[in-house]
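K.L.:
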Amino acid sequence: MKALQYLEEKCATILLENGADPNAHNNQNETPLHFALSLKKTSLVEKLLSLNADIEARTTRGYTPLLLAIEQNRQQMVETLIQNKANIHAVDQKGRTALMFALEQKSKHVVEMLLQSGIDVSAADNFGQMALAYAIASGDTNLKELILQYMKVESKHPENINPGFLIKLILMIIVSPWMRPNINIMTR
């Protein structure tokens, strides 16, 4: 683990090949897989996964390697983790989904990848915010339209939509052009 903390890929590889635990963790529950993401070395991530590193290991903040890769805007790592069956529906302690993380990073490629993989666009975080709120807060019109497009496809029962949510949504759409991206009208 120390080898990975100090970005020593060769040393970490030798240790792993000689029996080092790929699921060891520190006091923040960060595993070698979490650290390997910072190296931007797909080969090391794949090596850890081949040694049965826990692809769903959670830090004390509830971050899986996938959530961390998205937060750090490591698109290639995100692709590798999804190809290796990382749970795209994982949430952190605040209830934020991988899609919400990708929207915060304004990563259209990752957003599209998650949407095509079947992520739930209607999932809400612990504060009741859905992906659309994150898309609007990003200030990126393309992301907002993309989420709205998937919401239309996914919504089979519009009669079940909460009227309070509709009012907030209408206000967000009207007010969003004048909002700074870090202002969030959805919080309680």
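Residue numbers (the numbering used here): 2 to 189.
The beta-carbon is built from N, C-alpha and C at its ideal position, and this holds for glycine as well.
Only a predicted model underlies this, so the values are computations on that prediction, with no experimental measurement involved.
1) Judging by CA-CA distance, which residue of A37, N85 and A13 is the nearest neighbour of L69?
2) Per the DSSP calculation, V92 is bridged to which residue(s)?
3) Rounded to whole angstroms, what's the CA-CA distance from N85 to S51? Just pull it up for me.
4) Unbroken alpha helix (DSSP H) runs of length 4 or more, entirely within the stretch 26-114: which are they?
5) Express the C-alpha separation of P33 and A134 in angstroms, rounding to a whole number.
6) Rounded to whole angstroms, what's the CA-CA distance from A103 to N74? Just pull it up for me.
7) Tell me the rounded alpha-carbon separation between T43 and M78.
8) Assign A125 to one of three DSSP states: helix, strand, or coil.
9) When DSSP builds the beta bridges, which residues end up paired with M131?
10) Can you have a look at K145 and say buried or exposed, based on whether 16 or more other CB atoms are within 10 angstroms of its CB?
11) From A91, E80 and D141, pick the residue whose C-alpha is nearest to that of E47; which is it?
P.N.:
In short:
1) By one-based count along the sequence shown, residue 69 stands at place 68. Looking at the Cα atoms, A37 is the closest of the given residues.
2) In the sequence shown, the residue the question calls residue 92 occupies position 91. Answer by DSSP bridge pairing, in chain order: T98.
3) Looking up residue 85 in the sequence shown gives position 84. Looking up residue 51 in the sequence shown gives position 50. In a straight line, the C-alpha of N85 is about 10 Å away from that of S51.
4) 33-40, 43-51, 66-72, 76-84 and 99-105
5) As a first step, residue 134 must be located in the sequence shown, where it is residue number 133. As a first step, residue 33 must be located in the sequence shown, where it is residue number 32. C-alpha separation (whole angstroms): 33 Å.
6) Here the question's residue 103 lines up with position 102 in the sequence shown. Here the question's residue 74 lines up with position 73 in the sequence shown. Rounded to whole angstroms, A103 to N74 spans 8 Å at the Cα level.
7) In the sequence shown, the residue the question calls residue 43 occupies position 42. In the sequence shown, the residue the question calls residue 78 occupies position 77. One C-alpha to the other measures close to 6 Å.
8) In the sequence shown, the residue the question calls residue 125 occupies position 124. Strand at A125.
9) Translated into positions along the sequence shown, residue 131 becomes position 130. Partner(s): A125.
10) What you label residue 145 is simply residue 144 of the sequence shown in a count that begins at 1. With 16 or more other Cβ atoms within 10 Å, it is buried.
11) Position 46 of the sequence shown, counting from 1, holds the residue named residue 47. Nearest of A91, E80 and D141 to E47, Cα basis: E80.
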